[in-house]
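Accompanying notes for the structure given below.
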Amino acid sequence: MTPSLQTIHSTIFPAEWAPQSAIQLTWPRADGDFAKHFDAVERNFIELAAAISHYQDVIIAYGLDPAALKQRLSKAGAIAERVKIFAVRSNDVWARDHGPVTVFRAGKPVHLDFIFNGWGNKFDATLDNTVTRQLADLGALTAPIETLDFVLEGGGIESDGLGTLLTTERCLLAQTRNPQFCKMQIEEKLKAWLGLSRVLWLTHGDLIGDDTDGHIDTIARFCNARTIAYQACDDHNDEHYDDLKAMERELQALRTDDGQPYTLVPLPLPAATFDEDGKRLPAGYPNFLILNGAVLVPLYGDAKNDPIALERLRPHFPNRVVIGIDCRALINQYGSLHCVTMQIPATP
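Residue numbering for the sequence shown follows this note's numbering, starting at 38 and increasing by one per position.
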């Protein structure tokens, strides 16, 4: 269903720094893709959920005993009354991509439930594609749900909250997502559903090992409406160098809606890490999560670059605490901190 013109003009797709009511997580399964590293990954999730709970509610989609999990989270320092656990079946953990994309229409929230097809049918996502509806049926999500016959992942879109969307051609124009639509048609649909005035497309920027076909949240993020933090690469010998330099030039050419260049914040590329089969993992610092009073930044055990990333981000979030979260366990399955979270905006 396409909203009317009157609805479009009153639609806002909030930036991540807008007030939030909760963060949604989908808990890992011992028999899922993280089976080999389950204990380490679950510890990672416990640390993440506990950290989030100090700033806002945490909605957890979980397939086992909620009481046992809540007890473990409390022992880890989580604020118990802010942890809400719901019995939801899922395939995997990537809430950013199967969670609801929330917009406001005439000041009221609407959860857009797009199709999630496992990043172009690479993986089974049958259950993940129902997570938003399951959460709504259980009362975890109280705003209306609008189901859309269109493949879109939250990690593929980045909003400044003022009508500008940043995205990548490689992901949104992939023939395994919405092959029936051309670029112009996709842009018009996004403008209608998300209340956008413009879409900024990047043609470069790709992390080796990324299964998503180039999600924007792995390479470039708004810190505010005039500032973009991005994944840089200054090592001529690194295989990312040419492509990330080309993306850097694209970002330098972008302009704000009033014609000014963006303030650009280059984040260092973490030292190369590899999985057990020797495949490079897509570690990057732009995969941070903005909360009501904090910014959680993925760290990768890189003694040189982890501190640099934190220090470069801090000046651009003056009213938030910038906190590092070790994501070495998460990155083993080719995703990181932002990928496993989805914010639920607060109603103004």
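Ideal placement from N, C-alpha and C gives every residue a C-beta, glycine not left out.
Item	Value
Report the residue from Asp70, Gln93 and Trp64 whose alpha carbon sits nearest the alpha carbon of asparagine 81.	Trp64
Would you identify the three-state DSSP class for aspartate 94, choosing helix, strand or coil?	strand
Looking at the structure shown, is isoleucine 362 part of a helix, part of a strand, or coil, going by DSSP?	strand
Strictly by DSSP, which residues pair up with asparagine 261?	Thr264
Figure out for me which residue from Lys341, Ile381, Val334 and Glu348 has the closest Cα to the Cα of aspartate 363.	Val334
Does the distance from the CB of aspartate 391 to the CB of glycine 69 come in under 7 Å?	In the structure as shown, the chain starts at 38 and stops at 385, and residue 391 therefore has no counterpart that could be examined.
How long is the line joining the alpha carbons of valine 78 and asparagine 158, rounded to whole angstroms?	24 Å
Suppose contacts are defined by Cβ-Cβ distances below 7 Å. Is leucine 326 in contact with histidine 375 by that definition?	yes
For lysine 145, which residues does DSSP report across the bridge?	Arg142
In terms of residue numbering, what span does the beta strand (DSSP E) encompassing valine 332 cover?	331 to 336
Between the beta-carbon of asparagine 324 and the beta-carbon of threonine 378, is there less than 7 Å?	no
Does the pairing of the stretch 226 to 237 with the stretch 169 to 176 give three or more beta-carbon distances under 8 Å?	no
With DSSP run on the structure shown, which of helix, strand or coil describes proline 56?	coil
Does the Cβ of tyrosine 371 have 16 or more other Cβ atoms within 10 Å, making it buried, or fewer, making it exposed?	buried
Aspartate 102: which of Ile122, Asp129, Ala308 and Asp312 sits nearest, CA to CA?	Ile122
Below 8 Å CB to CB, which residues in the same chain sit around leucine 210 once its five sequence neighbours on both sides are set aside?	Lys220 and Ile223
Mapping DSSP to helix, strand and coil, what is aspartate 186?	strand
Rounded to whole angstroms, what's the CA-CA distance from leucine 244 to histidine 252? Just pull it up for me.	9 Å
Take the Cβ of threonine 300 as the centre, count every other Cβ of all protein chains shown within 10 Å, and call the residue buried at 16 or more, exposed below.	exposed
Please return the same chain residues whose Cβ sits closer than 7 Å to the Cβ of leucine 199, not counting the five positions on each side in sequence.	Ala262 and Asp294
Are the beta-carbon atoms belonging to serine 58 and arginine 142 less than 7 Å from one another?	no
Is it the case that the Cβ atoms of asparagine 329 and glutamine 61 are separated by a distance below 7 Å?	no
Go to arginine 235, then tell me how far its beta strand (DSSP E) extends in each direction, as first and last residue.	235 to 239
Leaving out the 5 sequence neighbours to the left and right, which residues in its chain are closer than 7 Å to phenylalanine 187 when beta-carbon positions are compared?	Phe151, Ile152, Asn215 and Lys226
DSSP on arginine 292, reduced to helix/strand/coil?	strand
So, are the CB atoms of cysteine 260 and alanine 266 less than 7 Å apart?	yes
Using the Cβ count rule (16 or more neighbours within 10 Å means buried), how would you classify threonine 39?	Only weak support exists for where threonine 39 lies, its pLDDT of 46 falling under 50; the coordinates are left without a value.
I think serine 111 touches leucine 164, with their Cβ atoms under 8 Å apart; what is that distance to the nearest whole Å?	Contact flag wrong, Cβ pair sits at about 28 Å.
From the DSSP secondary-structure annotation, give me the bridge partner or partners of glutamine 380.	Ile60
In angstroms, rounded to a whole number, what distance separates the CA positions of glutamine 43 and lysine 228?	Residue placement at glutamine 43 cannot be trusted, given a pLDDT of 42 that sits under 50; what the coordinates show is reported in the next sentence. Looking at the two C-alpha atoms, the distance is approximately 13 Å.
DSSP state of lysine 121, grouped into three classes?	strand
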